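Inspection log for the structure reproduced underneath, given as C-alpha cells.
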Amino acid sequence: MTATRITRGIKAWGGLIVLGLLGACEMFQPVEPVLTPRARPAGLAPPPVPDIQATSQESAALRAYLAQVQSSQLTAGLLRQDGGGPDTPFTADMLARNFENIVFFNEYAGPGVRPGSASALRRWTAPVRIGIEFGPSVPPSQRTRDTNDVIAYARRLSQATGHPVSVSDNPNFLVFFVSEDDRADTLNARATRLPGVNRINVGPVRDLPRDAYCAVAAYSSGPERSTYTAAVAVIRAENPDLLRLSCIHEELAQGLGLANDSPDARPSIFNDDDEFALLTGHDVKLLGMLYDERLRPGIGLTEAQPIVRTLAAEATAIGPS
Numbered sequence: 417m418t419a420t421r422i423t424r425g426i427k428a429w430g431g432l433i434v435l436g437l438l439g440a441c442e443m444f445q446p447v448e449p450v451l452t453p454r455a456r457p458a459g460l461a462p463p464p465v466p467d468i469q470a471t472s473q474e475s476a477a478l479r480a481y482l483a484q485v486q487s488s489q490l491t492a493g494l495l496r497q498d499g500g501g502p503d504t505p506f507t508a509d510m511l512a513r514n515f516e517n518i519v520f521f522n523e524y525a526g527p528g529v530r531p532g533s534a535s536a537l538r539r540w541t542a543p544v545r546i547g548i549e550f551g552p553s554v555p556p557s558q559r560t561r562d563t564n565d566v567i568a569y570a571r572r573l574s575q576a577t578g579h580p581v582s583v584s585d586n587p588n589f590l591v592f593f594v595s596e597d598d599r600a601d602t603l604n605a606r607a608t609r610l611p612g613v614n615r616i617n618v619g620p621v622r623d624l625p626r627d628a629y630c631a632v633a634a635y636s637s638g639p640e641r642s643t644y645t646a647a648v649a650v651i652r653a654e655n656p657d658l659l660r661l662s663c664i665h666e667e668l669a670q671g672l673g674l675a676n677d678s679p680d681a682r683p684s685i686f687n688d689d690d691e692f693a694l695l696t697g698h699d700v701k702l703l704g705m706l707y708d709e710r711l712r713p714g715i716g717l718t719e720a721q722p723i724v725r726t727l728a729a730e731a732t733a734i735g736p737s
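In case it helps, our numbering puts the sequence shown at residues 417 to 737.
And the structure:
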C-alpha cells in the first residue's frame, strides 16, 4: 500500500496552548530504540503492575494499519535514523534561517493567531519534569520499552539544551501512551492534574483527529505567555515501535519550544517530508540555540536575528553533533 503522508507539527492556539501533531502515518544525534531495561532515576518509584484491558476491534485495526504505514515508509527510504550525513550538508545561514522559521512563526491559525504570523520565542525557565502515563490497554512489554525510551531521550534533551530535563514523579510535562479505547478517559483523569490544564484546553490533544499519530500542547500561566509551565504529549499506543519513538522525539522537542515546521529544514524532523524519524545533528543545534542564555522567552524576531546569526555561526564552527 502507499503510505499515508505524515503531517508534522500541526499547531493550534487554544487559550494558552501551543499544539503540535504528528499526522497520519507525527525531535542531538539520533537516539536508537532502547531494547534493554535501564536503571530508573534515583527516587523514581517503580510503576505498579498494570491491569491490562483487551483492545477493541477498532484499536486492533488501527495498530495493523500503522504497522503497514511504518513498513511502507521504510521501504520508501523515509524515517531515517542516521541523523544526517554527507548528503545533508547545511551552513550557518541555513541553520539560522531554519531556527527563525521554526521558533518565530506560527504555522496554523487559532484564536487571535494568523497562519504564518510572527511569534515571540517560547521555552521553559523551570526544570522540565517528565511524567509517563499509560492507558489500561498498553501491555507491560510496550510500557517498559516506552519508559526506557523516554528516560534516555530526556537525558539527551538535557544535554542538548543545557536545561534540566528529567523523568520525575512530580511532573510538569506529562507524556501519555494511550489507545483509541482509553485516550479520552485517561487524559480527563490524569492530564488535568497539571496546573492550568483542564478538560477544555486539553481537548486538542485528547480528541486526536484520525490522521494524527501524536500531539503535544504546551501551556503558559500568568501574563507572560512565552514561558511554558506545563505540557501534555499524547502518543497513540497503536503506533509500531519506530513510529512511537519518532513521536517521542518530535513531541518532546516541540514541547520545549521548537513549535513550528519548515519545508526548508534539512536534515531535520521539523519538516513535513518524513525523511527523518529521529532528532538529527541539525536539530541538536536548534535546541542548543533555543536555550542559549543570550536569547530569552518573549524576545521577538527582529531583536533576536543578530543573536541567532551569531549562535548559528558558533554552532556550525564546532562541527556536526
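In this text, a Cβ means the ideal position worked out from N, Cα and C, and glycines have one as well.
Keep in mind that this is a model prediction, so the values were computed, not measured.
Taking C-beta atoms as the reference points, residue 603 and residue 592 count as a pair closer than 9 angstroms. In this structure, residue 582 lies near residue 574, with their beta-carbon atoms less than 9 angstroms apart.
In this chain, the alpha helix (DSSP H) harbouring residue 520 covers 508-520. For residue 549, the enclosing beta strand (DSSP E) has its first and last residue at 544-550. Cα atoms of residue 681 and residue 700: separation of roughly 13 angstroms, rounded to the nearest angstrom. Given a length threshold of 4 residues, each whole run of the alpha helix (DSSP H) inside the region 627-683 is given here in chain order: 657-670. Relative to the Cα of residue 697, the nearest Cα in the group 507, 650, 482 and 632 belongs to 507. Its Cα nearest to that of residue 553, the residue 473 stands out among 719, 519 and 473.
Considering only 608, 658, 481 and 607, the residue with the shortest C-alpha distance to residue 496 is 658. Taken atom to atom, the span from the alpha-carbon of residue 534 to that of residue 676 is near 11 angstroms.
The DSSP assignment places 599-606 and 619-622 as complete runs of the alpha helix (DSSP H) inside the region 558-622, in order along the chain (cut-off: 4 residues). Bounds of the alpha helix (DSSP H) holding residue 706 are 697-706. The Cβ-Cβ distance between residue 672 and residue 706 falls below 9 angstroms. Distances from the CA of residue 595 to each of 577, 624 and 614 were compared; the closest alpha carbon is that of 624.
Straight-line measurement puts the Cα of residue 716 at about 32 angstroms from the Cα of residue 566. In the DSSP assignment, residue 496 is bridged to 692. For residue 674 and residue 479, the gap between their C-alpha atoms comes out near 29 angstroms. Between residue 568 and residue 703, the beta carbon gap of about 16 angstroms keeps them out of contact (Cβ cut-off 8 angstroms).
For residue 725 against residue 512, the beta-carbon gap comes to about 5 angstroms, under 8 angstroms, which counts as contact. According to the DSSP secondary-structure assignment, residue 539 is paired through a beta bridge with 643. Under DSSP, residue 534 shares a beta bridge with 521. Counting only residues of its own chain and dropping the five nearest sequence neighbours on each side, residue 731 has a CB closer than 8 angstroms to the CB of 508, 511, 701, 704 and 705. The beta carbon of residue 610 sits closer than 6 angstroms to those of 646, all from its chain and outside the five residues before and after it, given in chain order.
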